[in-house]
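J.: Before I ask anything, here is the structure I am working with.
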Amino acid sequence: MKHLKMSIAKLVKIEGLTIIGVFIALMILFIMTAPHVFTGYRIYMSFLQTVPPLLILALGLTFVITAGEMDLSFSAIIAFSGFIFCFIFRTFGTPWLAFILALLSGALVGYINGLLVAKVGVPSIMATLAAQFFWNGLTILLSRGLSWNIKEIRPYFIHTLFVGRIGGIVPAQSLWGVGVAVFLWFILNRHTFGEHILFIGDNVDVARVMGVNVTAAKIKLFVFMGVISAFAAILLTLEMINFWTTQGAGLLLPTIAAVFIGGTSIAGGYGTIIGSFFGAYIVGSLEAGVVASGIGGYWTRLVTGLVMAASVSLNIILNKEKGEGLKERIKESIFIKKGGEKSSLLKRENLKNT
Amino acid sequence: MPEKRPFKNAVIMNNIEKYFGNVAALNGINFEVGANEVVGLIGDNGAGKSTLIKIITGVFPPTKGELYIRDKKISLKDYNVKQAYKLGIEAVYQDKSLGEKQDLWRNFFIGRQMTNRLGFIRVREEKEMAQKIMFDIIGFRGAGITAESKANKLSGGERQGIAIGRAMYFDADLIVLDEPTSALSLKEVQKVLNFVRKIKESGRACIYISHILSDVYEISDKFIILDRGKVVATIKKSEVTLKKLSEFMLKYAHAK
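Line by line, the protein sequences are chains A and B.
So in the numbering used here, the last one in the first sequence is 354, and the numbering has no gaps at all.
So in the numbering used here, the last one in the second sequence is 1256, and the numbering has no gaps at all.
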């Protein structure tokens, strides 16, 4: 019996288990309500095709939120870096130069965000909101508000590598999504950069006095988010073989929702890559699922709201045990102070009175 | 047997000044901590105690003045927390010692992780070492707390134990304790005071900051009294009783 309890406790500890449960429940629900769609493989291939940009953004944003910061500029990077990619490719015809410059453009946006947040001290939500307007605006100016088609990129290796169909079926970007997730799991949980992010989000003063260079780490964080966003932009642009000026706008809120559904703490100091992974697939599959279930497309947003509220609540309820344990401890220590050791307590009061 | 340190003073401050904007937090501080001396640093809120020790521990540089660590003059431009670690200075802060939501093994090595060349943490080694410190130095045995416990599962005294154990492990020459007991139950205060006695016995130096004069008096060799950014008195323990010291401090409280 005791053994069983312990193994349940251990299970709850496994990263992202709650959200994996929610994900499976949702899929079962879809299979039951729309068996004709959800028992075939096509719908899943369509998820694997459309979700990866959202997924990769959510993985990057997990770091930002873990550090106790926020980034609202990544939707503008989706547009700006996507534009840079198309522009360089159309002008020079070299996809890899376009790839590198697009990543660098994301790094640049992130670097400026980082300077504003870490050096000037602007709260990240404001700095990155301003950045969102600015870089979106610049993209519109540079592209003159037009969308750009790059169907000439199809025969190039870069297209096959990032968004080709493996065996003619599986979208390559889904594997890139998994690869990035595995890599970032190790960065967050096993690398000094990740550990610094965890401590900065937990308590920035502790991080500072323990020798973490907080300014440098925050600048790195925003550059990192910029590069990740640019990579997501390239995947999206390659998949669509098209750039349009508002291509990131629809990704902003779903990405943030994916991170919170996954269980990353808005208070900072805790982030889960596995949670964000499934969070992104939940958010990305809701629309298709809701429509296929026959409830109708108008319901999508409402259901997303419900799922988010349910997941976040579930995470809090399952973790409550820890919280109560803490309360008990606090009660205990107050009790000891009050009743336990009067003699020394008196000693302190004596001192005040002298 | 305590190991004799090859220097006379752990820290010397010469005319240290620190301004935050136009406000002088410290003004002409002269200060000395012997190689095996426990110094009690006392003073009212806002006297500049925390500012003073944060200069020693490299959190921020002074505006002016000279700092000597282990008898060697420090280049203040390049001085930071990591430099201070290298020079054998460790600090334990009242509520800034541990990341609450992080595993204890992370808390032991944050700021100086054991890594491979690419910066990935050698987790198993860190965990084993953390467990060893908890057993050998701190004396946590079977209390259900392991290197993988989160810091917020610990009581206040246990947390300070972890922070002090960390300082001992890294073989500090000087351990700075900033209000280590203010959130503790009295039994736990005794544990912390015992740790300070251990620091002294092992031949190291210690700066102990506290509001509670009886604690400071018990363990210190020397008292340095700070008031509004200035050192107003340096008193040896042999020269004063606890009662006298309390009266002296009270005089400063009234002088305002």
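Even for Gly, the Cβ is constructed at its ideal location relative to N, Cα and C.
Let me know the alpha helix (DSSP H) ranges lying completely inside the region 88-134 of chain A, each 4 residues or longer, listed in chain order.
T.: 95-114
J.: Can you tell me whether residue 1236 (chain B) is helix, strand or coil according to DSSP?
T.: In the second sequence, the residue the question calls residue 1236 (chain B) occupies position 236. Strand.
J.: So, is residue 152 (chain A) buried or exposed, given that buried needs 16 or more other C-beta atoms within 10 angstroms?
T.: Along the first sequence, one-based indexing puts residue 152 (chain A) at 152. Exposed.
J.: On the premise that residue 227 (chain A) lies in contact with residue 72 (chain A), defined as a C-beta separation below 8 Å, what is that separation, rounded to the nearest angstrom?
T.: Your numbering for residue 72 (chain A) matches position 72 in the first sequence. Your numbering for residue 227 (chain A) matches position 227 in the first sequence. So it is not a contact: roughly 17 Å between Cβ atoms.
J.: So for residue 178 (chain A), helix, strand or coil by DSSP?
T.: Along the first sequence, one-based indexing puts residue 178 (chain A) at 178. Helix.
J.: Can you tell me which of the three DSSP states residue 25 (chain A) falls into?
T.: For the purposes of this step, residue 25 (chain A) is taken as residue 25 along the first sequence, with counting starting at 1. Looking at residue 25 (chain A) - three-state DSSP - the assignment turns out to be helix.
J.: Can you pull the chain A residues whose beta carbon is under 7 Å from the beta carbon of residue 1111 (chain B), in chain order?
T.: Taking the second sequence and counting its residues from 1, the one referred to as residue 1111 (chain B) is at position 111. Near residue 1111 (chain B) (Cβ distances below 7 Å), the residues of chain A are 210, 211, 212.
J.: So which residues on chain B does residue 203 (chain A) lean against when the C-beta distance must stay under 8 Å?
T.: Against the first sequence, residue 203 (chain A) aligns to sequence position 203. Those within 8 Å of residue 203 (chain A) in chain B are 1096, 1099, 1100.
J.: To the nearest angstrom, report how far apart residue 1177 (chain B) and residue 1194 (chain B) are at their CA atoms.
T.: The residue labelled residue 1177 (chain B) in the question sits at position 177 within the second sequence. The residue labelled residue 1194 (chain B) in the question sits at position 194 within the second sequence. Their backbone Cα atoms lie some 13 Å apart in a straight line.
J.: Anyone know if the C-beta pair for residue 1063 (chain B) and residue 1019 (chain B) falls short of 8 Å?
T.: As a first step, residue 1063 (chain B) is located in the second sequence; it is residue number 63 there, counting from the start. As a first step, residue 1019 (chain B) is located in the second sequence; it is residue number 19 there, counting from the start. Yes, they are a contact pair.
J.: Assuming contact is defined by CB atoms lying nearer than 8 Å, are residue 1046 (chain B) and residue 1009 (chain B) in contact in what I supplied?
T.: As a position in the second sequence, residue 1046 (chain B) is number 46, starting the count at 1. As a position in the second sequence, residue 1009 (chain B) is number 9, starting the count at 1. Their beta carbons are not under 8 Å apart, which means residue 1046 (chain B) does not touch residue 1009 (chain B) by this criterion.
J.: Quick check: is the beta carbon of residue 110 (chain A) nearer than 8 Å to any beta carbon in chain B?
T.: What you label residue 110 (chain A) is simply residue 110 of the first sequence in a count that begins at 1. So no, residue 110 (chain A) is outside the interface.
J.: Thinking just about the alpha-carbon of each residue, which of B:1140, B:1169, B:1087 is nearest to the one in residue 942 (chain B)?
T.: The question about residue 942 (chain B) has no answer, for chain B in this structure spans 1001 to 1256.
J.: DSSP state of residue 1013 (chain B), grouped into three classes?
T.: As a first step, residue 1013 (chain B) must be located in the second sequence, where it is residue number 13. DSSP, reduced to helix, strand and coil, places residue 1013 (chain B) within a strand of the structure shown.
J.: Determine the direct distance from the alpha carbon of residue 269 (chain A) to that of residue 1213 (chain B), and round the result to whole angstroms.
T.: Locating residue 1213 (chain B) in the second sequence gives position 213, counting from the first residue. Locating residue 269 (chain A) in the first sequence gives position 269, counting from the first residue. C-alpha separation (whole angstroms): 36 Å.
J.: Using a cut-off of 8 Å between C-beta atoms, extract the partners of residue 277 (chain A) located in chain B.
T.: The residue labelled residue 277 (chain A) in the question sits at position 277 within the first sequence. Per Cβ cutoff of 8 Å: no residues; residue 277 (chain A) is ~21 Å from chain B at best.
J.: Could you check if residue 1079 (chain B) is buried or exposed, using at least 16 other CB atoms within 10 Å of its CB as the buried criterion?
T.: As a working mapping, residue 1079 (chain B) is identified with position 79 in the second sequence. Buried, since its Cβ has 16 or more Cβ neighbours within 10 Å.
J.: Taking Cβ positions, are residue 171 (chain A) and residue 48 (chain A) nearer each other than 8 Å?
T.: Here residue 171 (chain A) corresponds to residue number 171 of the first sequence, with the count starting at 1. Here residue 48 (chain A) corresponds to residue number 48 of the first sequence, with the count starting at 1. Result yes, Cβ atoms of residue 171 (chain A) and residue 48 (chain A) sit closer than 8 Å.
J.: Of all Cβ atoms in chain B, is any one closer than 8 Å to the Cβ of residue 333 (chain A)?
T.: Along the first sequence, read from residue 1 onward, the residue named residue 333 (chain A) stands at position 333. Any reading at residue 333 (chain A) must be qualified, since the residue scores a pLDDT of 43, below 50, and its modelled position is unreliable; no value is offered.
J.: Within its chain, find whatever has a CB closer than 7 Å to the CB of residue 232 (chain A); leave out the 5 residues flanking it on each side and keep chain order.
T.: Translated into the one-based positions of the first sequence, residue 232 (chain A) becomes position 232. Excluding positions up to five away in sequence, the list reads 53, 56, 57, 78.
J.: Report the rounded CA-to-CA distance for residue 1219 (chain B) versus residue 1040 (chain B), giving the unit in angstroms.
T.: If you number the second sequence from 1, residue 1219 (chain B) lands on position 219. If you number the second sequence from 1, residue 1040 (chain B) lands on position 40. Rounded to the nearest angstrom, the two C-alpha atoms are 8 Å apart.
J.: Across which residues does DSSP place residue 171 (chain A) in a beta bridge pair?
T.: Position 171 of the first sequence holds residue 171 (chain A). BP columns for residue 171 (chain A) point to A:165.
J.: DSSP has residue 1073 (chain B) in a bridge; who is on the other side?
T.: Sequence index remark: in the second sequence, residue 1073 (chain B) carries index 73 (1-based). Per DSSP, B:1068.
J.: Cβ of residue 1115 (chain B) less than 8 Å from any chain E Cβ?
T.: The question asks about chain E, but that chain is absent: this structure's protein chains are A and B.
J.: Please report the distance separating the alpha-carbon of residue 265 (chain A) from that of residue 66 (chain A).
T.: Your numbering for residue 265 (chain A) matches position 265 in the first sequence. Your numbering for residue 66 (chain A) matches position 66 in the first sequence. Their Cα atoms are separated by approximately 7 Å.
J.: What separation, rounded to the nearest whole angstrom, lies between the Cα atoms of residue 242 (chain A) and residue 118 (chain A)?
T.: Walking along the first sequence from the start, residue 242 (chain A) turns up at place 242. Walking along the first sequence from the start, residue 118 (chain A) turns up at place 118. About 35 Å.
J.: Candidates B:1117, B:1097, B:1175, B:1240: which alpha carbon is nearest residue 1157 (chain B)'s?
T.: Position 157 of the second sequence, counted from the start, is the residue given in the question as residue 1157 (chain B). Nearest C-alpha to residue 1157 (chain B): B:1097.
J.: For residue 1115 (chain B), which beta-bridge partners are listed by DSSP?
T.: Along the second sequence, one-based indexing puts residue 1115 (chain B) at 115. Note: residue 1115 (chain B) sits in a beta bridge opposite B:1121.
J.: Taking the beta strand (DSSP E) that residue 1175 (chain B) falls in, what are its first and last residues?
T.: The residue given as residue 1175 (chain B) occupies position 175 in the second sequence. Here the beta strand (DSSP E) through residue 1175 (chain B) covers 1174-1178.
J.: Roughly how many angstroms separate the alpha carbons of residue 263 (chain A) and residue 254 (chain A), rounded to a whole number?
T.: To locate residue 263 (chain A), count along the first sequence from 1; it is residue 263. To locate residue 254 (chain A), count along the first sequence from 1; it is residue 254. The alpha-carbon atoms of residue 263 (chain A) and residue 254 (chain A) are separated by roughly 15 Å.
J.: Quick one: does residue 1047 (chain B) have its CB under 8 Å from some CB of chain A?
T.: Along the second sequence, one-based indexing puts residue 1047 (chain B) at 47. No, residue 1047 (chain B) does not count as interfacial toward chain A.
J.: Given residue 1153 (chain B), which residues of its chain have a CB within under 8 Å of its CB, disregarding the five upstream and five downstream residues?
T.: Numbered from 1 along the second sequence, position 153 holds the residue referred to as residue 1153 (chain B). Correct list, in chain order: 1145.
J.: In chain B, which residues lie with their C-beta within 7 Å of the C-beta of residue 192 (chain A)?
T.: Along the first sequence, read from residue 1 onward, the residue named residue 192 (chain A) stands at position 192. Simply 1113, 1115, 1119, 1121.
J.: Starting from the C-beta of residue 331 (chain A), find all residues in its chain whose C-beta is less than 7 Å away, skip the five residues before and the five after it, and write them out in chain order.
T.: As a position in the first sequence, residue 331 (chain A) is number 331, starting the count at 1. Per-residue confidence for residue 331 (chain A) stands at a pLDDT of 44, beneath the threshold of 50, marking its modelled position as unreliable; no derived number is given.
J.: Closer than 9 Å by beta-carbon distance: list the chain A residues that pair up with residue 1106 (chain B), in chain order.
T.: If you number the second sequence from 1, residue 1106 (chain B) lands on position 106. Correct list: 195, 198, 199.
J.: With DSSP collapsed to three states, give me the class of residue 57 (chain A).
T.: Here the question's residue 57 (chain A) lines up with position 57 in the first sequence. Three-state DSSP puts residue 57 (chain A) in a helix.
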